[in-house]
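Okay, so the sequence shown: first residue is 14 according to my numbering, each after it adds one.
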Amino acid sequence: MPLYNWRSIYTTNYDNLIEQCYDLRQKSLKIYSSDFDFTSESRAFDNHLFKVHGTIEKDECDGSQSRIILTDSDYTKTASYREQIWDRLRNDLNGSHLVIIGHSLADLHIKEIITRALNLNTKAGGAGRVWLLIYTEDENRAALYEQQGLAVCFGGIDQFFGALAKSGISSSIPSKDSPDPLDSVSALRPLVTEVDHAVKATPADFSAMFSGWPASYPDISAGYTFRRSVSDEVIAYFDEDHSLSATVIGASGVGKTTACKHILVSSIVKGWKCWEHIGTESLDADLWEKVADHLREHGEVGVLFVDDAHLHLQGLNDLIDALAIGNNGHLKILLATSRNHWMPRVKTSNFFRHGRSYTLSSLSDAEIERLLDLVDKVPAVKRLVERDFIGFDRTARRRRLVVRS
Numbered sequence: 014m015p016l017y018n019w020r021s022i023y024t025t026n027y028d029n030l031i032e033q034c035y036d037l038r039q040k041s042l043k044i045y046s047s048d049f050d051f052t053s054e055s056r057a058f059d060n061h062l063f064k065v066h067g068t069i070e071k072d073e074c075d076g077s078q079s080r081i082i083l084t085d086s087d088y089t090k091t092a093s094y095r096e097q098i099w100d101r102l103r104n105d106l107n108g109s110h111l112v113i114i115g116h117s118l119a120d121l122h123i124k125e126i127i128t129r130a131l132n133l134n135t136k137a138g139g140a141g142r143v144w145l146l147i148y149t150e151d152e153n154r155a156a157l158y159e160q161q162g163l164a165v166c167f168g169g170i171d172q173f174f175g176a177l178a179k180s181g182i183s184s185s186i187p188s189k190d191s192p193d194p195l196d197s198v199s200a201l202r203p204l205v206t207e208v209d210h211a212v213k214a215t216p217a218d219f220s221a222m223f224s225g226w227p228a229s230y231p232d233i234s235a236g237y238t239f240r241r242s243v244s245d246e247v248i249a250y251f252d253e254d255h256s257l258s259a260t261v262i263g264a265s266g267v268g269k270t271t272a273c274k275h276i277l278v279s280s281i282v283k284g285w286k287c288w289e290h291i292g293t294e295s296l297d298a299d300l301w302e303k304v305a306d307h308l309r310e311h312g313e314v315g316v317l318f319v320d321d322a323h324l325h326l327q328g329l330n331d332l333i334d335a336l337a338i339g340n341n342g343h344l345k346i347l348l349a350t351s352r353n354h355w356m357p358r359v360k361t362s363n364f365f366r367h368g369r370s371y372t373l374s375s376l377s378d379a380e381i382e383r384l385l386d387l388v389d390k391v392p393a394v395k396r397l398v399e400r401d402f403i404g405f406d407r408t409a410r411r412r413r414l415v416v417r418s
């Protein structure tokens with residue numbers, strides 16, 4: 014969101030997520046949660062945020078004149094203290110477009126905001142257009158709103174910013190002086206997970222993984238998983254200058270994704286930049302080629318992880334060819350896929366000239382030893398292991414693991 018020069022931002026959320034985003038970008042934000050915040054201010058701000066339902070930092074219980082709107086009673090008591098916010102929205106609508114982002118058209122709050130926005134837009138002369146971006150598809154309600162002159166589309170917030178970046182609207186942050194390669198290609202941000210940020214953003218949660226959720230980057234960084242031998246092999250291969258790609262092939266559920274995440278976490282420790290392509294959006298080879306050029310110019314190395322690589326083969330072929338032609342080994346491509354989907358597909362010859370394939374199957378002796386170490390040395394894991402298993406000596410436990418695998 015801080016990448017673009019919005020005229021203003023309005024939200025009904027009272028968390029401070031937007032403020033955190035602007036702080037990360039070192040951009041200033043003036044916050045209004047009630048009419049009491051409209052004061053003379055000589056300082057210039059990069060943008061203005063209007064929190065029409067209040068903010069978590071201010072409430073009557075803290076002695077503030079503002080109040081968080083949680084109930085109908087709160088709304089009634091505070092309606093008269095937010096008139097200036099709505100007046101500001103009416104002024105902003107004069108010659109501008111409004112995008113309303115919500116989860117469902119069935120939400121009463123969304124309906125209320127749409128109705129008010131339409132009225133304000135009419136009072137402003139109707140020069141601007143009102144768009145609805147809704148996550149949950151509802152064609153029937155969408156048809157009703159379109160009859161009122163609104164444009165309705167369905168999608169997620171990542172899809173919205175991805176399309177916005179590709180539309181040609183320029184970013185407000187200079188890209189050449191930024192150390193972050195993605196600042197020069199902001200269209201990639203909604204399509205990737207930045208591994209370094211993912212490791213630090215949330216705490217590890219072994220109980221979630223034990224309940225069936227896949228291992229997250231914090232789980233791997235905290236030592237809640239054991240390393241597969243293929244991870245060490247790929248890391249050693251990527252240290253070679255001529256290497257471009259590594260493909261981990263195996264059956265579903267064998268641990269390909271976790272093994273690849275181990276590679277990324279280890280690469281972060283080495284100071285490399287790592288990303289994971291997310292979603293079913295196509296992989297844009299031209300944008301990633303720009304990232305590779307940025308890495309080479311700054312003498313850095315990056316790794317792009319693509320899970321279910323067979324779904325993105327066209328973009329991967331183009332990217333591998335571009336890196337090979339440019340002799341640019343600063344961006345490594347890490348792929349995970351199943352054999353039945355990968356082997357029949359047509360792949361560029363550069364996958365074989367500048368890449369290697371690794372097969373992941375049953376546990377090796379070294380991997381079983383690491384698993385036993387995990388059970389013995391990590392308290393969070395040890396607490397959840399059956400007592401009769403812990404009671405065996407190491408040789409007996411190893412034998413039981415081999416039989417079960």
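Don't be surprised by glycine CBs; every beta carbon is placed ideally from N, CA and C.
Note that the coordinates shown come from a computational prediction; the quantities given were computed from them, not determined experimentally.
Once you ignore the five residues that flank residue i on each side, which residues in its own chain have a CB closer than 6 Å to its CB?
| i | result |
| --- | --- |
| Val398 | Val388 |
| Phe219 | Tyr237, Ala393 |
| Asp334 | Thr361, Asn363 |
| Ala137 | Arg103, Leu106, Asn107 |
Should residue i be labelled buried (16 or more other beta-carbon atoms within 10 Å of its own) or exposed?
| i | result |
| --- | --- |
| Gly175 | buried |
| Ala214 | exposed |
| Ile82 | buried |
| His116 | exposed |
| Thr271 | buried |
| His325 | buried |
| His275 | buried |
| Val65 | buried |
| Phe365 | exposed |
| Asp28 | exposed |
| Ser229 | buried |
| Ile123 | buried |
| His110 | exposed |
| Asp386 | exposed |
| Leu328 | The sequence given here has Gly at residue 328, not Leu. Counting Cβ neighbours within 10 Å, Gly328 comes out buried, since at least 16 surround it. |
| Lys345 | buried |
| Lys395 | exposed |
| His307 | buried |
| Ser258 | buried |
Along the chain, where does the beta strand (DSSP E) containing residue i start, and where does it finish?
| i | result |
| --- | --- |
| Trp144 | 143-147 |
| Ala259 | 258-262 |
| Thr135 | That residue, Thr135, is in no beta strand (DSSP E); its alpha helix (DSSP H) goes 121-136. |
| Glu152 | It is not in any beta strand (DSSP E) - Glu152 instead sits in the alpha helix (DSSP H) that spans 152-159. |
| Val165 | 164-167 |
From residue i to residue j, what does the alpha carbon distance come to, in whole angstroms?
| i | j | result |
| --- | --- | --- |
| Asp297 | Arg202 | 12 Å |
| Trp226 | Ala217 | 12 Å |
| His323 | Lys360 | 10 Å |
| Asp120 | Asp48 | 26 Å |
| Ser234 | Val314 | 20 Å |
| Phe405 | Glu382 | In this prediction, Phe405 scores a pLDDT of 49, lower than 50, which makes its location untrustworthy; the coordinate-derived value is nonetheless stated afterwards. So the alpha carbons of these two residues sit roughly 15 Å apart. |
| Ser374 | Trp355 | 16 Å |
| Leu277 | Leu300 | 21 Å |
| Leu163 | Tyr250 | 54 Å |
| Arg142 | Ala178 | 20 Å |
| Gly368 | Asp245 | 16 Å |
| Thr68 | Trp99 | 16 Å |
| Pro357 | Phe318 | 21 Å |
| Asp252 | Glu294 | 29 Å |
| Gln39 | His210 | 17 Å |
| Ser351 | Glu302 | 26 Å |
| Ser418 | Leu376 | With a pLDDT of only 45 at Ser418, under 50, the local geometry of the prediction cannot be trusted, and the value read off the model is given with reservation. One C-alpha to the other measures close to 7 Å. |
| Ile127 | Tyr158 | 9 Å |
| Asn60 | Val261 | 45 Å |
| Gly266 | Thr372 | 13 Å |
| Tyr35 | Ala156 | 36 Å |
| Ser197 | Val304 | 8 Å |
Which residues in the same chain as residue i place their Cβ atom closer than 7 Å to its Cβ, once the five residues preceding and following it in sequence are excluded?
| i | result |
| --- | --- |
| Ala57 | none |
| Val416 | Residue confidence for Val416 is low, a pLDDT of 46 falling below 50, so the modelled location carries little weight; the figure read from the coordinates is stated next. Excluding positions up to five away in sequence, the list is empty. |
| Phe51 | Tyr45, Gln97 |
| Glu207 | Trp288 |
| Ala130 | Leu111, Ile113, Val143 |
What residue range is occupied by the uninterrupted alpha helix (DSSP H) comprising residue i?
| i | result |
| --- | --- |
| Asp320 | Counting along the chain, Asp320 falls outside any alpha helix (DSSP H), though it belongs to the beta strand (DSSP E) covering 315-320. |
| Asn104 | 96-105 |
| Phe223 | 219-223 |
| Val212 | 208-214 |
| Gly115 | Counting along the chain, Gly115 falls outside any alpha helix (DSSP H), though it belongs to the beta strand (DSSP E) covering 111-115. |
| Phe173 | 170-179 |
| Tyr250 | 242-251 |
| Tyr27 | Unbroken run through Tyr27: none, as it is neither H nor E. |
Who are the near neighbours of residue i in its chain, counting only those whose CB is closer than 8 Å to its CB and skipping five residues on each side?
| i | result |
| --- | --- |
| Ile31 | Met14, Ile22, Thr24, Leu42, Leu62 |
| Asp420 | Since the first residue shown for the chain is 14 and the last is 418, residue 420 is missing from the structure and cannot be characterised. |
Any heavy atom of the ligand MG closer than 7 Å to the CB of residue i?
| i | result |
| --- | --- |
| Lys360 | By its list of ligands, the structure shown contains no ligand whatsoever, and the ligand MG lies outside what it can speak to. |
>> Extract the residue ranges of the beta strand (DSSP E) inside the stretch 41-74, only unbroken runs of 3 or more that lie entirely within it.
In response: Counting only runs of 3 or more, we get 42-45, 60-64.
>> Extract the residue ranges of the alpha helix (DSSP H) inside the stretch 337-410, only unbroken runs of 4 or more that lie entirely within it.
In response: 352-355, 363-366, 378-390, 392-395, 400-404, all fully within the stretch 337-410.
> Taking the runs of the beta strand (DSSP E) that are 3 residues or longer, which of them lie wholly in the stretch 257-299?
Replying inline: Counting only runs of 3 or more, we get 258-262, 286-290.
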